[in-house]
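Here the structure is laid out as structure tokens; the discussion comes afterwards.
In our numbering, the protein residues as written are 72 to 361.
Have a look at this one:
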């Protein structure tokens, strides 16, 4: 699961950087991104990671699963070094070690247990959350640069967080008929699609770093809290401190890694444009490598 999301992060951000920037909340962006083979491969990896995460949510608490999803960025950094020849400073090596330690702490502290049913109030809350995210996204898409990346990335994270909340009780359904008829399935799909659109818009805003950091934070924290309060997520007695430290270490290392793992492919895109792909009159000066 972590590897699948790591590959997806890398490939989808490369495709988003090579697609014309959209300034409206237009679902057509997903169709344009689908015209890139890189994006389709990344999407296939994301779907594979999603399926594995869905199965994991049947028995594992959301604070572990969501932190593991965010930890895919560590794989993105490693792949960037191995495949795209990114440079890995000492600070990023330390962040990777911290990420490994954080996820290990979460694994050791998480107590497997099936989810409680969400109930009618939970369904209404997820539906209202979807509408609010879509409305706010409609206006947030007008923002440019880092503010747009942060705003849209945060909204994408909230949508994926809501999808994770819907997936936790849905994963416990045993019959196919009940699974198909469950409203959580359609809320899960709707939140995932809105989140994917918002993430694509966020990655186009000039700061994929800010987009990924905001998405990881907004996607992990609310789901972890709701899981512990409402969905029967459990921690082994006496290991609450380990879970808290592991979660904080994982989140801090992921946000730190976004400073390294995302921007460098934009330099490669800039170099391609400088060699003649840029339209006439457009700026062809790539940002310097860190």
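Glycine included, every Cβ here is placed at the ideal spot set by N, Cα and C.
field: Residues near residue 119 in its chain [Cβ-Cβ closer than 6 Å; skip 5 each side]
entry: If you number the chain shown from 1, residue 119 lands on position 48. Taken in chain order, the residues that qualify are 75.
query: Can you give the Cα-Cα distance for residue 337 and residue 124, rounded to whole angstroms?
result: On the chain shown, residue 337 is found 266 positions in, with the first residue counted as 1. On the chain shown, residue 124 is found 53 positions in, with the first residue counted as 1. Any reading at residue 337 is ruled out, since the residue's pLDDT is 47, under 50, leaving its predicted position unreliable.
message: Are the CB atoms of residue 225 and residue 274 within a distance shorter than 8 Å?
response: To locate residue 274, count along the chain shown from 1; it is residue 203. To locate residue 225, count along the chain shown from 1; it is residue 154. The answer is no: Cβ separation not under 8 Å.
- request: Give me the Cα-Cα distance between residue 304 and residue 142, rounded to the nearest whole angstrom.
  value: Counted from its first residue, the chain shown places residue 304 at position 233. Counted from its first residue, the chain shown places residue 142 at position 71. Using only the alpha carbons, I get a separation of about 20 Å.
field: Residue range of the unbroken alpha helix (DSSP H) whose run includes residue 242
entry: Counted from its first residue, the chain shown places residue 242 at position 171. Here residue 242 belongs to no alpha helix (DSSP H), and DSSP marks it neither H nor E.
- request: Please work out which residues of its chain come closer than 7 Å, Cβ to Cβ, to residue 227, disregarding the five sequence neighbours upstream and downstream, and give them in chain order.
  value: In the chain shown, residue 227 corresponds to position 156, counting from 1. Excluding the 5 residues flanking it on each side, residue 227 has same chain C-beta neighbours closer than 7 Å at 266, 269, 270, 273, 286, in chain order.
- request: Give the range of the alpha helix (DSSP H) segment to which residue 72 is assigned.
  value: Residue 72 sits at position 1 when you count from the first residue of the chain shown. Note, residue 72: premise wrong, no alpha helix (DSSP H); not H, not E.
message: Let's see if you can read the secondary structure: which residues bound the alpha helix (DSSP H) around residue 263?
response: In the chain shown, the residue the question calls residue 263 occupies position 192. 254-274 is the span of the alpha helix (DSSP H), which, as asked, contains residue 263.
task: Check the DSSP bridge columns for residue 306 and list the partner residues they point to.
output: As a working note, residue 306 is residue 235 in the chain shown. Listed as beta-bridge partners of residue 306 by DSSP are 181.
task: Alpha carbon to alpha carbon, how far is residue 207 from residue 283? Give it in angstroms, no decimals.
output: What you label residue 283 is simply residue 212 of the chain shown in a count that begins at 1. What you label residue 207 is simply residue 136 of the chain shown in a count that begins at 1. Roughly 18 Å between the two C-alpha positions.
field: Secondary structure of residue 186, DSSP reduced to three states
entry: As a position in the chain shown, residue 186 is number 115, starting the count at 1. Residue 186 carries a coil assignment under DSSP once its states are collapsed to helix, strand and coil.
task: Report the rounded CA-to-CA distance for residue 117 versus residue 311, giving the unit in angstroms.
output: Here residue 117 refers to the residue found at position 46 of the chain shown. Here residue 311 refers to the residue found at position 240 of the chain shown. The straight-line gap from Cα to Cα measures roughly 31 Å.
- prompt: Apart from the five residues just before and just after residue 135, which ones in its own chain have a Cβ nearer than 7 Å to its Cβ?
  reply: Against the chain shown, residue 135 aligns to sequence position 64. Correct list, in chain order: 177, 178, 181.
message: Quick check on residue 79: does DSSP put it in helix, strand or coil?
response: Here residue 79 refers to the residue found at position 8 of the chain shown. Shown here, residue 79 sits in a helix according to DSSP, grouped into three states.
- prompt: So, using beta-carbon positions, are residue 235 and residue 128 closer together than 8 Å?
  reply: Reading the chain shown from its first residue, position 164 is the one you call residue 235. Reading the chain shown from its first residue, position 57 is the one you call residue 128. In contact: residue 235 and residue 128 (Cβ atoms closer than 8 Å).
Test: residue 119 CB closer than 8 Å to a CB of chain D: Absent here is chain D; the protein component of the structure consists of one chain.
field: Minimum C-alpha distance to residue 253 - residue among 326, 204, 188, 291
entry: Translated into positions along the chain shown, residue 253 becomes position 182. Between residue 253 and the set 326, 204, 188, 291, the nearest pair of CA atoms involves 188.
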